[in-house]
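Per the numbering used here, the sequence shown starts with residue 25, numbered consecutively. Note that the Cβ used here is the ideal one computed from N, Cα and C, for glycine as well. One structure below.
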Amino acid sequence: MPRSSLIFLPVLLFPLSLLAAPETVKVDVLQTKLDHPWSLAFLPDNKGLLITLKDGQLKHWQAGKGLSDPIVGVPKVWASGQGGLLDVALAPDFAQSRRVWLS
Numbered sequence: 025m026p027r028s029s030l031i032f033l034p035v036l037l038f039p040l041s042l043l044a045a046p047e048t049v050k051v052d053v054l055q056t057k058l059d060h061p062w063s064l065a066f067l068p069d070n071k072g073l074l075i076t077l078k079d080g081q082l083k084h085w086q087a088g089k090g091l092s093d094p095i096v097g098v099p100k101v102w103a104s105g106q107g108g109l110l111d112v113a114l115a116p117d118f119a120q121s122r123r124v125w126l127s
């Protein structure tokens with residue numbers, strides 16, 4: 025196949041991808057009124073989520089129970105511009121150690 029055909033073939037086939045049936049997406053709102061949520065960590069055994077808020081709060085969300093008060097013991101952060109409490113991750117041995125990493 026000539027090289028020019030290899031270049032133009034994707035251009036010719038691209039409009040076919042637009043004809044595909046649109047996917048239906050269902051959105052379920054789990055929680056409202058979170059001020060700048062930044063990161064989620066899924067807890068094992070369907071125990072909910074840990075959610076960081078940019079202002080320095082770490083909260084626990086559980087189905088049927090909703091959102092907890094801020095978890096105590098989180099280090100103070102400078103929440104301005106691009107600074108704040110950003111990521112949350114569970115330690116690989118979280119089930120035993122219960123360690124959570126914050127950035």
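Beta bridge counterpart(s) of residue i as assigned by DSSP
i	result
Lys83	Ile75
Ala113	Trp125
Ala103	DSSP, once it has assigned bridges, lists no residue as partnering Ala103.
Pro46	Pro46 is not bridged to any residue.
Pro61	Leu77
Gly90	Gln86
Short CB-CB distance (under 8 Å) between residue i and chain D
i	result
Val49	Here there is only one protein chain, and chain D is not present.
CB-CB length for residue i against residue j, believed under 8 Å
i	j	result
Val124	Leu74	7 Å
Lys78	Trp62	5 Å
Asp111	Thr76	7 Å
Collapsed DSSP secondary structure at residue i in the structure displayed
i	result
Ala119	helix
Pro68	helix
Any non-hydrogen atom of the ligand ADP within 7 Å of residue i CB
i	result
Val98	Ligands in the displayed structure: none, and consequently the ligand ADP is not present.
Exposure of residue i, with buried meaning 16 or more beta-carbon neighbours within 10 Å
i	result
Leu64	exposed
Gln81	buried
Lys83	buried
Gly88	exposed
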